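Presented below is the structure to which this report refers.
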Amino acid sequence: MTTVDCPDCNRSIAVHELEAKTVAQSSGFDTRYRCPFCRADVEDVQGRLA
């Protein structure tokens, strides 16, 4: 299973557990991800893959 490390609580999060929010903008879509445990924003998800 692919996991991501949270930058704040250092927990391993399965990719399907990440909370995602996508917003439509005039230039396209913006998707933000959050840790479901501490609610910290997780940036650069691809770079944080464990």
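For the sequence shown, my numbering begins at 75 and goes up steadily by one. Glycine included, each C-beta is placed from N, C-alpha and C at the ideal position. Note that the coordinates shown come from a computational prediction; the quantities given were computed from them, not determined experimentally.
Next on the checklist: As a quick exercise: from R85, I87, S86, E93, pick the residue whose alpha carbon is nearest that of T105.
Outcome noted: Sequence index remark: in the sequence shown, residue 105 carries index 31 (1-based). Comparing Cα-Cα distances from T105 to each of R85, I87, S86, E93, the minimum goes to E93.
Checklist entry - Should V78 be labelled buried (16 or more other beta-carbon atoms within 10 Å of its own) or exposed? => result Your numbering for residue 78 matches position 4 in the sequence shown. Buried.
Checklist entry - Looking at the structure shown, is V116 part of a helix, part of a strand, or coil, going by DSSP? => result Counted from its first residue, the sequence shown places residue 116 at position 42. V116 falls in the coil class under three-state DSSP.
Checklist entry - Going by DSSP, what residues sit across from F111 in a beta bridge? => result Position 37 of the sequence shown, counting from 1, holds the residue named residue 111. Partner(s): none; F111 has no beta bridge.
Item to check | Residue span of the beta strand (DSSP E) that contains E93, given as start and end | outcome: As a working note, residue 93 is residue 19 in the sequence shown. That run of the beta strand (DSSP E) goes 93-99.
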